[in-house]
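Visitor:
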Amino acid sequence: MAQEKNWLLGVRCLQVPKNVDERGSLSVMEGGVDIPFKVARVFWITDVPAGQRRGGHAHWSCHEAVFAVAGGVSIAIETAEGREEVTLRASNEGVLIPAGAWCELYDFEPNTVLVVLASEHYRPEGYCHEKDSWYKMKNG
Numbered sequence: 055m056a057q058e059k060n061w062l063l064g065v066r067c068l069q070v071p072k073n074v075d076e077r078g079s080l081s082v083m084e085g086g087v088d089i090p091f092k093v094a095r096v097f098w099i100t101d102v103p104a105g106q107r108r109g110g111h112a113h114w115s116c117h118e119a120v121f122a123v124a125g126g127v128s129i130a131i132e133t134a135e136g137r138e139e140v141t142l143r144a145s146n147e148g149v150l151i152p153a154g155a156w157c158e159l160y161d162f163e164p165n166t167v168l169v170v171l172a173s174e175h176y177r178p179e180g181y182c183h184e185k186d187s188w189y190k191m192k193n194g
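Under my numbering, the final residue of the sequence shown carries the number 194; numbering is consecutive throughout.
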């Protein structure tokens with residue numbers, strides 16, 4: 055993932071320390087320190103079949119930080135400012151997806167493991183699954 059770029063408002067690269075020695079690698083994230091919000095929920099995505107996509111929705115008020123701790127994935131993020139495409143492949147790099155952004159995950163590499171940290175507990179009513187509704191909201 056590129057280090058220097060002009061990100062869409064609210065979308066940004068997250069990089070956590072990676073400590074490596076003869077025993078392996080250790081990365082640590084702390085909510086409010088490395089992650090710019092209090093973490094209310096953590097989930098992971100695994101075993102995505104070739105060619106399948108995940109996401110395809112926006113959160114009205116929930117922020118997410120996505121890390122590919124194994125493998126790799128491409129992520130398309132749309133906000134009112136435009137569209138950003140990010141590829142995650144390093145276990146200590148992630149991307150912050152702000153509330154209100156439309157997000158789609160695709161091109162999963164085999165054996166990819168995504169860890170997602172969310173600012174809110176799961177609430178089905180907090181999701182927008184219809185892109186037409188999202189366009190209306192984003193265009194005011």
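For each residue, glycine too, the CB sits at the ideal point set by N, CA and C.
Taking its Cβ as the centre, do 16 or more other Cβ atoms sit within 10 Å of S187, making it buried, or is it exposed?
Guide: Here residue 187 refers to the residue found at position 133 when the sequence shown is read from its first residue. Burial call: exposed.
Visitor: In three-state terms, what does DSSP make of E179?
Guide: As a working mapping, residue 179 is identified with position 125 in the sequence shown. Three-state DSSP puts E179 in a helix.
Visitor: Compute the beta-carbon to beta-carbon distance between V102 and T166, rounded to the nearest angstrom, for a pair I have assumed lies under 8 Å.
Guide: Translated into the one-based positions of the sequence shown, residue 102 becomes position 48. Translated into the one-based positions of the sequence shown, residue 166 becomes position 112. The pair is a contact, with the Cβ atoms about 7 Å apart (cut-off 8 Å).
Visitor: Do the segment 89 to 106 and the segment 131 to 142 touch if we need at least three Cβ pairs shorter than 8 Å?
Guide: no
Visitor: Going by beta carbon distance, what residues of the same chain come within less than 6 Å of G110, once the five residues before and after it are set aside?
Guide: Looking up residue 110 in the sequence shown gives position 56. The answer, listed in chain order, is E158.
Visitor: Since G126 and E179 should fall inside the 8 Å C-beta cutoff, what is the C-beta to C-beta distance between them, to a whole number of angstroms?
Guide: By 1-based counting over the sequence shown, the position of residue 126 is 72. By 1-based counting over the sequence shown, the position of residue 179 is 125. The pair is not a contact, with the Cβ atoms about 32 Å apart (cut-off 8 Å).
Visitor: If you draw a straight line from the C-alpha of H183 to the C-alpha of W114, how long is it?
Guide: In the sequence shown, residue 183 corresponds to position 129, counting from 1. In the sequence shown, residue 114 corresponds to position 60, counting from 1. Approximately 11 Å, taken between the alpha carbons.
Visitor: Ordered along the chain, which non-local residues of its own chain (more than five positions away) have a Cβ less than 6 Å from that of V123?
Guide: As a position in the sequence shown, residue 123 is number 69, starting the count at 1. Contacts found: S145, V167, V169.
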